[in-house]
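Residue numbers (full-length UniProt numbering): 1 to 271. Accompanying notes for the structure given below.
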């Protein structure tokens, strides 16, 4: 097996950035989900589950960590990492803690783009959010990702899923891998081989990872990442073929055991 794609998402819920290589930290890949858009009144995370328009925001990161966000018909937003920004209490998937506010200019730009009052924050201390039990070990941390530092998908499993869609003559066929928003895509394994990796150790290049559990999928996978339009797939088909314990499974979560670097083309082995 080998890595065929690496992807990061600088702002949780927004457009992706394709990578050739990335540094692995305990909380995830460098540049992945350190930024977050929150409701201005509550501090709750604003995600694609509620706001599909996040797909129209295209972020990128400069060498100095500065964030640039592009959106249709408006000038780019450029924001430096607000290391000394005022604290904002935010809530993401049961975690409530502090993040640094990016400032009113960023808040106003994003509020106009999304037509709702929001704020932009940055996770100034990426060790602040610990992974919830029962799969976490002491010291396991995560950025603003849903639950784990990395998500891995198997290219052959997407082929199998698209075969099911074709057999059912689903008009949304074929679906691209981008629907599942993985960090790492691997090829060279049979479809659904990743089911057997749960509870084991995976090695990608020079970095090892625990595979705590498979990933249960949500409405975000029904969102076209290019247009923001929503359909009913792949959840309808996953419900028929991939329901385990009331979860619709596609991909597996990863927890790094040590820092390092991974790249497209790296070999992948299962321990």
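Beta carbons are placed, not taken as given, at the ideal position from N, Cα and C, and that holds for glycine. Note that the coordinates shown come from a computational prediction; the quantities given were computed from them, not determined experimentally.
Quick one: is the Cβ of residue i within less than 6 Å of any heavy atom of the ligand NAD?
i	result
residue 104	Annotation note on the ligand NAD: not contained in the displayed structure, which lists no ligands.
What residue range does the alpha helix (DSSP H) around residue i cover?
i	result
residue 104	104 to 114
residue 145	Note, residue 145: premise wrong, no alpha helix (DSSP H); not H, not E.
residue 162	155 to 167
Within its chain, find whatever has a CB closer than 7 Å to the CB of residue i; leave out the 5 residues flanking it on each side and keep chain order.
i	result
residue 57	11, 14, 15, 69, 71 and 113
Quick one: what's residue i bridged to in DSSP?
i	result
residue 59	69
residue 39	118
residue 243	248
residue 255	210
residue 95	92
residue 87	100
residue 44	91
residue 261	23
residue 267	2
residue 152	184 and 252
Could you tell me which of the options sits nearest to residue i, measuring between CA atoms?
i	options	result
residue 217	235, 121 and 99	235
residue 267	255, 239 and 202	202
residue 260	25, 239, 9 and 4	25
residue 33	50, 110 and 147	147
residue 270	237, 204 and 241	204
residue 250	61, 155, 62 and 108	155
residue 192	238, 4, 5 and 264	238
residue 227	5, 7 and 54	54
residue 272	240, 241 and 59	Since the first residue of the chain shown is 1 and the last is 271, residue 272 is not available in this structure.
residue 135	153, 265, 255 and 158	255
Keeping to the same chain, check which residues put their C-beta closer than 6 Å to that of residue i; ignore five residues upstream and five downstream.
i	result
residue 27	126, 141, 142, 143 and 149
What are the boundary residues of the beta strand (DSSP E) that includes residue i?
i	result
residue 202	201 to 204
residue 5	2 to 8
residue 77	74 to 79
residue 51	Counting along the chain, residue 51 falls outside any beta strand (DSSP E), and DSSP gives it neither H nor E.
residue 184	184 to 187
Assuming contact is defined by CB atoms lying nearer than 7 Å, are residue i and residue j in contact in what I supplied?
i	j	result
residue 262	residue 185	no
residue 90	residue 38	yes
residue 121	residue 45	no
residue 105	residue 85	no
residue 2	residue 245	no
residue 272	residue 30	Absent from the model: residue 272. The displayed extent of the chain is 1 to 271, so no value can be given.
residue 170	residue 233	yes
residue 231	residue 172	yes
residue 162	residue 174	yes
residue 220	residue 49	yes
residue 275	residue 81	Since the first residue shown for the chain is 1 and the last is 271, residue 275 is missing from the structure and cannot be characterised.
residue 183	residue 151	yes
residue 160	residue 180	no
residue 8	residue 17	yes
Once the 5 residues before and after residue i are set aside, which same chain residues still bring their CB inside 8 Å of it?
i	result
residue 88	38, 43, 98, 99, 100, 101, 119 and 121
residue 198	211, 212, 213, 214 and 252
residue 129	27, 92, 95, 97, 123, 141, 142, 143 and 144
residue 240	164
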